[in-house]
Amino acid sequence: MLFSILIGVVIFAYAAFTLIRFVKKSREGQCASCALKDHCNTASCCAPDAPSRVKAAKS
(Lines of atoms letter the chains of each structure in order from A and count residues from 1; the text may use other names and numbers.)
(Lines give C-alpha, C1' and ligand atoms only; values in the text may rest on other atoms or scores of the structure.)
Protein backbone atom coordinates (compact mmCIF):
# COMPACT_ATOMS: atom_id res chain seq x y z
CA MET A 1 0.00 0.00 0.00
CA LEU A 2 2.75 2.44 0.95
CA PHE A 3 4.68 1.59 -2.23
CA SER A 4 1.64 2.38 -4.39
CA ILE A 5 1.22 5.76 -2.72
CA LEU A 6 4.91 6.51 -3.16
CA ILE A 7 4.78 5.64 -6.88
CA GLY A 8 1.71 7.85 -7.30
CA VAL A 9 3.43 10.79 -5.61
CA VAL A 10 6.51 10.37 -7.79
CA ILE A 11 4.41 10.30 -10.97
CA PHE A 12 2.43 13.42 -10.02
CA ALA A 13 5.59 15.25 -8.94
CA TYR A 14 7.26 14.52 -12.27
CA ALA A 15 4.15 15.62 -14.18
CA ALA A 16 4.05 18.89 -12.22
CA PHE A 17 7.77 19.47 -12.83
CA THR A 18 7.36 18.88 -16.57
CA LEU A 19 4.33 21.17 -16.79
CA ILE A 20 6.08 23.98 -14.91
CA ARG A 21 9.17 23.65 -17.12
CA PHE A 22 7.00 23.79 -20.26
CA VAL A 23 5.20 26.93 -19.07
CA LYS A 24 8.46 28.68 -18.20
CA LYS A 25 9.96 27.91 -21.61
CA SER A 26 6.84 29.03 -23.45
CA ARG A 27 6.90 32.37 -21.60
CA GLU A 28 10.55 32.95 -22.57
CA GLY A 29 9.82 32.81 -26.26
CA GLN A 30 11.25 30.67 -29.01
CA CYS A 31 14.85 31.92 -29.11
CA ALA A 32 15.27 32.34 -25.37
CA SER A 33 14.28 28.74 -24.75
CA CYS A 34 16.05 27.28 -27.79
CA ALA A 35 18.49 24.49 -26.97
CA LEU A 36 21.06 26.12 -29.29
CA LYS A 37 20.81 29.66 -27.89
CA ASP A 38 24.31 29.60 -26.38
CA HIS A 39 25.97 28.16 -29.49
CA CYS A 40 23.97 29.79 -32.26
CA ASN A 41 25.69 32.80 -33.84
CA THR A 42 22.72 33.64 -36.07
CA ALA A 43 19.10 34.32 -35.33
CA SER A 44 18.05 31.31 -37.37
CA CYS A 45 15.96 29.89 -34.57
CA CYS A 46 13.71 32.96 -34.76
CA ALA A 47 13.71 33.52 -38.51
CA PRO A 48 11.11 30.96 -39.69
CA ASP A 49 8.40 32.08 -37.31
CA ALA A 50 8.94 35.83 -37.55
CA PRO A 51 6.90 36.35 -40.77
CA SER A 52 4.09 34.11 -39.57
CA ARG A 53 3.82 36.09 -36.31
CA VAL A 54 3.61 39.35 -38.25
CA LYS A 55 0.86 37.95 -40.48
CA ALA A 56 -1.05 36.64 -37.47
CA ALA A 57 -0.79 39.99 -35.68
CA LYS A 58 -2.17 41.88 -38.70
CA SER A 59 -5.20 39.63 -39.16
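Under UniProt numbering, think of the first position of the sequence shown as 1, with each following residue one higher. Positions of the beta carbon are idealized from the N, C-alpha and C atoms, including for glycine.
Cβ of residue i within 7 angstroms of any heavy atom in the ligand HEM?
i, result
"Ala13", "Looking at this structure, you won't find the ligand HEM or any other ligand, since it has none at all."
To the nearest angstrom, how far is it from the Cα of residue i to the Cα of residue j?
i, j, result
"Leu6", "Arg21", "23 angstroms"
"Phe3", "Ile11", "12 angstroms"
"Leu19", "Gly8", "17 angstroms"
"Ala15", "Lys25", "15 angstroms"
"Phe17", "Val23", "10 angstroms"
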